[in-house]
Every structure is written in structure tokens, then in C-alpha cells.
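Structure first, then comments.
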Amino acid sequence: MVNAPGGSSSDNDPDPASPIERVHAARYVLIAAVAALLAGSAVWDVPAAYSAAAALAVVLVAAFVPRRPAARRAAEAALGRAPSWPEAGMTAAVDAFPQAAFVLDSAATVRFVNARAARLFPATRRGDSFTLTFRWPEIAEALQESQAGRARTLEFHEPGETTSIYSVTFSPLTLSGAGNFILVTFDDVSDRLAIARMRADFVANASHELRTPLASLTGFIETLMGPARNDPQASEKFLRIMLEQARRMRRLIDDLLSLSRAEMRVHRRPTDRADMVEVLRHVGDALGSLAREHGVAITIEAPDAVVAVVGERDELIQVFQNLIENAIRYGASGGKVDVRFDRRPDDRPELAVHVQDYGPGIPAEHLPRLTERFYRADVGASRAMKGTGLGLAIVKHILTRHQGRLEVRSRPGEGARFTVSLPLVE
């Protein structure tokens, strides 16, 4: 049985009142008893000594025999009439929930608010009506169903500058001796839904990127099998286009595989050491022909000594190959790409590598989204430059695994600077 606050679960608990307090509380009973004894003594001629002894016994019983105070009797009676929310185990359990949680009574009055709910919804306090705070038809309907004993879950969008999305569950509770209650939990699913949308967008974009070259290949194959079957000049032209479309699909598939590997290993910290000077010089040599093709000069300012970081050489090569290749393709109008080392004077030893191009730059509204899969600041330019839209997403995941960071600064007409920060070997 659940105890009422300040009450007892047994009638045999000691009465905390003093003997004098007990005599005072029973004064009217004592007066009546003594008067009855004196009257009896006079009517039936009882000796005075016997009457005095009986009166003394009544006083002693009133002083020393415990009894239940009226307040306790009233509290115990109230327990049977009105539901009370347990103050010990159940409240501790609800307070430990990772979700925001409210406990309501059968009249939808808030009886308990756990710590997370108090932080997220400070306007809703104990004793308030739940429906006055959350005035949405869906919540009112779910509350009515739970009052009828049926559980209900719904999606709730909290209004505000940064909209949060909650999965709200109404669960009827019946506690023995305490009454009927409703447990309402708010589980923030904003990130989960954002990831689901991201995956759906990813599949749609990947399908689109593959469908386009496949449609082109199919069209040219049908042409070569039909009208251009005996036309060597047309056949040569179409085969060149088909080869380029096949290479486009291969680049996309390679980047999809690279991104998948980076995502799968993002929580596995690398244990190898890599020399960043050697990594950058390797990338510079590998991209030399592409730079010459676009009329771009690559300058790498690096120290002669080894600059070691904790990381996998091949993944770091991929990071800087993606960044420098982007700088060559999209910043070609500037005629050069500068790569510079910088050791930051922080408490934690850290290396910063800046990749600077001098092209048209990137508008500010696109900067926060550059590392999203398939996001392109300029769709036409990206496809013309044979980009897949996955390069910077791969960079972000590899740097996350290496406990690194990517910062982008750009102004239209002033080029773009991509800065990679990596922890140095201590």
C-alpha cells in the first residue's frame, strides 16, 4: 500500500504526543468520566477511596495509552478518496528517464515533472493543467484516448526558431492504492528524422546521377545498332561520348565506395603516423598534369623536416587530393593554388594546412552546406568539371575519424581557402 505523505501504514505506530498533551486532548472525556464516578459514589454509597482510584486510573489511561491522532485518521481516509503520486521509487524512476516526462492525474493535472522536461518545457509546472500548456488538437485527442485507457503515440513539432520534432507517447498507468495516472514522454527525434531524410536524399541523388549517364549510354547504343550502324564517323563520335559517360559512372561509384568506407570507419581512430610534407608533395605530383591542363600552378610551402600526425597516409592523401583538385578545377581562373603549412599556438599541438585558390569564390549562403552529400554550390559548373558532389563529404568523414576539422572561408571574387586542422604527434 502506498503511504500518504506524513502518514503511516499501521495503526500500531507509536503516538509521538507527550502524556500531558494526551490528557489535554482527552480533557472532555476525562471530565465526563470523573463526574460519572462521583455521581455513582453518591448514589450507590461507594467509598471515596474507590472513586478516587477509579478516577486516577482513567487519567493514567488517557495519558499513557497511544492513540491515532485526528490528523492521521483524516490523512488515511483521504488516501482512499483521492489519488496520490508516490514520492519515492516511482518519481526516481521517471526522473531518470532520458526523455522529457510528465505524470498527469486522471483530470490531466501535472503531478510530476522530471528534470529533462523542466529544462525543455519550463512553462509547464506541477499543478498546471496539461492542456493549457500544450494547446494542440492532436495532443488533446491523444490525452482523451489515454484517459479512456488506450496508449497513443504522435509526432509533435515544437514551434520556434529552431523547430524540434518530438515523438510523444501517452501511456495510461494504474497504481494499486494510488489511482489512475497518465505518463507522457517527449522523445526528441529531430536528428533521427534528419538522418532518415538525408539517406532518402542520398539514394535519390545517387540514383539520378547514375540514371543520367546510363540513359545516355542506352541511347547511343541503340543509335549505333540502328541508323549509325554503317557510319564510321558517327560511330567514333558516339563511342567517345559513351566512354566519357562510363568514366563518369566509374567516378561516382568510386566516390560512393570511398564515402561508405569513411562512414563505416568514422569511429575507429587511426594508429599509424603520416608525414604531412610527404603527403602534400605526393598529391602535388599526382595532380601536376591536371594543373597544367587547366593552366594552374601549384605552390606548396612546406618545411624540410618531417611533420608527423597520427593518421592513415592513404586517407590523408585522399583528403588533400580532393581539396587541391577542387581548387584546380573551380579556381582555375586565378591561375594558381597555394598550399601552406601553419602550426597553431594552441595548448594542444595542432597543424593547419591551408589550400587557397584565387577563383570566383563561393557565396556565403552555400558555405555551411558544402560537406553535404551531392550538394553543389553551382550545379552546372560542377557537372562541367566532372564532379560527383561527394568529394567534400568524404573529406569531412575522414577528418572526423582523424579528430581533425575543416574550415572554409570565401568571398565572391576573392577565391576560397580550405583549412584542414590535424593533431600533431606529441
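Residue numbers (the working numbering): 11 to 436.
Even glycine gets a Cβ: it sits at the ideal position worked out from N, Cα and C.
DSSP, read as helix, strand or coil, puts E436 in coil. A straight-line Cα-Cα distance of about 6 Å links D348 and I308. In this chain, the alpha helix (DSSP H) harbouring S200 covers S200 to M235. Below 8 Å, too few C-beta pairs join the stretch 262–273 and the stretch 294–312 to call them touching: fewer than three. Look at the beta carbons and you see the stretch 324–337 not touching the stretch 370–378: under three pairs across the two are nearer than 8 Å.
For the pair G344 and F351, the Cα-to-Cα distance works out to about 21 Å.
One Cα belongs to I404, the other to Q255, and the distance between them is close to 22 Å. In the DSSP annotation of this structure, P242 is not part of any beta strand (DSSP E); the continuous alpha helix (DSSP H) holding it starts and ends at P242 to M274.
In the DSSP annotation of this structure, T163 is not part of any alpha helix (DSSP H); the continuous beta strand (DSSP E) holding it starts and ends at R162 to E168. With 16 or more other CB atoms across the displayed protein chains lying within 10 angstroms of its CB, S420 is buried.
Shown here, N336 sits in a helix according to DSSP, grouped into three states. The stretch 401–416 makes contact with the stretch 376–385: 3 or more CB pairs, one atom from each, lie closer than 8 Å.
T173: not part of any beta strand (DSSP E); DSSP gives it neither H nor E. Shown here, E375 sits in a helix according to DSSP, grouped into three states. With a minimum length of 3 residues, the unbroken runs of beta strand (DSSP E) contained wholly in the stretch 284–324 fall at 307–311 and 318–320.
Less than 8 Å divides the Cβ of E322 from the Cβ of A284. For F384, no pairing in a beta bridge is given by DSSP. For Q154, there is no enclosing beta strand (DSSP E); the enclosing alpha helix (DSSP H) has its first and last residue at P147 to Q157. Around the CB of Q328, 16 or more other CB atoms lie within 10 Å, so the residue is classed as buried. For H364, the beta-bridge partners assigned by DSSP are R350 and T429. The alpha-carbon of A362 is positioned some 13 Å away from that of I310. About 6 Å separates the beta carbon of T119 from that of S139, a gap short enough to meet the 8 Å contact definition. Using a 10 angstroms sphere on the CB of D367, the tally of other CB atoms reaches 16 or more, which defines it as buried. Within 10 angstroms of the beta-carbon of A315 lie fewer than 16 other beta-carbons, which makes it exposed. By alpha-carbon distance to V178, the top candidate from E424, Q109 and L185 is Q109.
Cβ neighbours of R291 within its own chain (closer than 8 Å, five residues either side excluded): I310 and A312. Exposed is the label assigned to V213, since fewer than 16 other Cβ atoms lie within 10 Å of its Cβ.
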